Amino acid sequence: MPNNPTKILLLTTLVGGILISISSNSWLGAWMGLEINLMSFIPLMSSQENIFTTEASLKYFLTQALASSALLFLVMMKILINQPQAFNKLYSYVIMIPLLLKMGAAPLHWWFPSVMEGLSWMNCALLMTVQKAAPMMLTSYLVEMNTPMLMIILTSVMMGSIGGMNQTSLRKIMTYSSINHTGWMLMALAGGKNLWVVYFAVYCLLSLTVATIAKSYNISFVNQTMVVNSNSTTKILLFMTLLSLGGLPPFLGFLPKWIVIQMLIVNNLEFVMVLMTVASLATLYYYLRISYSSFMILHEELKCLSWPFTENKTILYSTILSSSSMMGLLLCTTISNIA
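By the UniProt record's numbering, the letter at position 137 of the sequence shown is numbered 137, and the numbering carries on one by one without gaps.
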């Protein structure tokens, strides 16, 4: 892991690469931004303390290099072809493939679980959230509410819900949950960038909260989550965040899904809405399984809430992040009244 000044520099260039991609007015400029982002993230993944990070960083580099090469090839092909109108429809579908590979959407998610398994929790949080921003914004220029796009979205949603069912690794559960949320965010993109921004912000907040608590208590597997029983405050906050990440009302994670569901109903896509809702219930099931097995079967009686912020600042950060989940009911009610 790089030292702090180097880490700050790499994080700055990582964010800079994202900004270059989403603000570029050409595909070549967007490709350059993605490469800057990739070259900044690879050193952040490395660690001398964990040999698995080397394997994970190599897998990530090869996958992203493949996607970048395909993207550059398609960009150059569009520049060289003389009949862009006849090629435009097919081009939109084909150029979306490397972008879907970069963000880890199904069925191009094969690299995602194995890479996540070898990373630290903070790098996992970056990979699940920040690293999806640029490919998704570039996809927004191509996305349409048509049959191929709906198939990609439903594949991501279903694969994310089914893949996490029998997992015991918390990283893999978060990975498949991320694939499921990727499908929802792609659907939000089809409804407009503002809707995607709301969903992405809520998802980043919840994922960062889980990663922060898992890093604080060194949790890697589901049966290790019971260590948070030693702190009743963190126990309640993690329980609340997991349910929010699963989309259970009235928590904050339900809000963006509710807006997407309303958008689907307006566009007469009730069948797609039902499939996505059922898949979301499947993800909620494995979050409930974690919560029940870890926090209810072997639990300590809550005598009083302790607030050991002086012992561990991570608890303070987690509390601030998790408390926003309780705003879900208020926001849902407010938006409903406005609508």
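C-beta atoms are modelled at their ideal positions from N, C-alpha and C, and glycine is treated no differently.
These figures come from a predicted structure and were not determined experimentally.
Check                                                                                                                                                                                        : Outcome
Quick check for students: name the residue ranges of the alpha helix (DSSP H) that lie wholly in the stretch 36-112, counting only runs of 4 or more.                                        : 52-80, 84-103
Would you check if the stretch 253-269 and the stretch 186-197 touch, i.e. whether three or more CB-CB distances between them fall below 8 Å?                                                : yes
Excluding the 5 residues preceding and the 5 following N123 in the sequence, name in chain order all residues of the same chain whose CB lies nearer than 7 Å to its CB.                     : L44, M45
Count the other C-beta atoms from every protein chain shown that fall within 10 angstroms of the C-beta of G17, then say buried if there are 16 or more, exposed otherwise.                  : buried
Would you mind giving the Cβ-Cβ distance between P135 and V202, rounded to the nearest angstrom? I have them listed as a contact below 8 Å.                                                  : Actually they are not in contact, since the Cβ atoms of P135 and V202 sit about 19 Å apart, beyond 8 Å.
Give the secondary structure of S23 by DSSP, where H, G and I count as helix, E and B as strand, and everything else as coil.                                                                : helix
Starting from the C-beta of G183, find all residues in its chain whose C-beta is less than 6 Å away, skip the five residues before and the five after it, and write them out in chain order. : I153, S156, V157
Just curious, the alpha helix (DSSP H) that S156 is in, first and last residue?                                                                                                              : 147-163
What does the Cβ neighbour count give for Y199, buried or exposed, with the cut at 16 atoms within 10 Å?                                                                                     : buried
Among the residues of its own chain, which have a CB less than 8 Å from the CB of A133, if the five just before and after it don't count?                                                    : I18, I22, F200
What's the C-alpha gap between S177 and T225?                                                                                                                                                : 17 Å
Could you tell me the boundaries of the alpha helix (DSSP H) in which T175 lies?                                                                                                             : 170-191
For W110, is the classification buried or exposed, using 16 other Cβ atoms within 10 angstroms of its Cβ as the cut-off for buried?                                                          : exposed
Using a 10 Å radius around the Cβ and a threshold of 16 neighbouring Cβ atoms, would you call T209 buried or exposed?                                                                        : buried
Is L101 closer than 7 Å to L108 when the C-beta atoms are compared?                                                                                                                          : yes
Quick check on DSSP: helix, strand or coil for F271?                                                                                                                                         : helix
Please name the residue or residues paired with F239 in a DSSP beta bridge.                                                                                                                  : The partner list for F239 (beta bridge, DSSP) is empty, contrary to what the question assumes.
Expressed to the nearest angstrom, what Euclidean distance is found between the alpha-carbon atoms of M151 and V274?                                                                         : 14 Å
Report yes if the C-beta distance between L66 and F41 is below 7 Å; otherwise report no.                                                                                                     : no
Is L44 close to the ligand MG? I mean its beta-carbon at under 6 Å from any heavy atom of the ligand.                                                                                        : The ligand content of the structure shown is nil, which means the ligand MG is not present either.
Can you name, in chain order, every residue of its own chain whose Cβ lies under 8 Å from the Cβ of S280, other than the five neighbours on each side?                                       : V157, S161, N180, W184, G246, G247, K257
CB residue 340 to CB M103, shorter than 7 Å?                                                                                                                                                 : A question about residue 340 goes unanswered here, because the residues of the chain that appear run from 1 up to 339.
Closest to T53 by C-alpha separation, out of L119, A70, T234, L99, would be which residue?                                                                                                   : L119
Am I right that I95 and L58 are in contact with their C-beta atoms under 8 Å? What's the rounded C-beta distance?                                                                            : With 8 Å as the limit, I95 and L58 do not qualify as a contact, their Cβ atoms being about 26 Å apart.
Measure how close the beta-carbons of L99 and S68 come, nearest whole angstrom, since I'm counting them as under 8 Å.                                                                        : 10 Å between Cβ atoms; not a contact.
Whole angstroms are fine: how far does the CA of T234 sit from the CA of I290?                                                                                                               : 15 Å
Give the straight-line distance between the Cα atoms of M137 and W196, rounded to the nearest whole angstrom.                                                                                : 9 Å
My parser needs the alpha helix (DSSP H) runs of 4 or more residues fully inside the stretch 197-264; what are they?                                                                         : 232-245
Which ranges does the alpha helix (DSSP H) cover as unbroken runs of at least 4 residues, wholly within the stretch 116-143, from first to last along the chain?                             : 121-128, 130-139
Does the beta-carbon of T212 have 16 or more other beta-carbons within 10 angstroms, so that it is buried, or is it exposed?                                                                 : buried
Taking 7 Å as the limit between beta carbons, can you name the residues of its chain near L10, skipping five residues before and five after?                                                 : P2, S40, P43, L44
Helix or strand or just coil, what does DSSP make of N166?                                                                                                                                   : coil
Which whole-angstrom value describes the C-beta separation of L238 and A105, a residue pair presumed to lie in contact below a C-beta threshold of 8 Å?                                      : That belief does not hold up - the Cβ atoms of L238 and A105 are roughly 27 Å apart, past 8 Å.
Output the distance between the C-alpha atoms of V228 and M276, rounded to the nearest integer angstrom.                                                                                     : 32 Å
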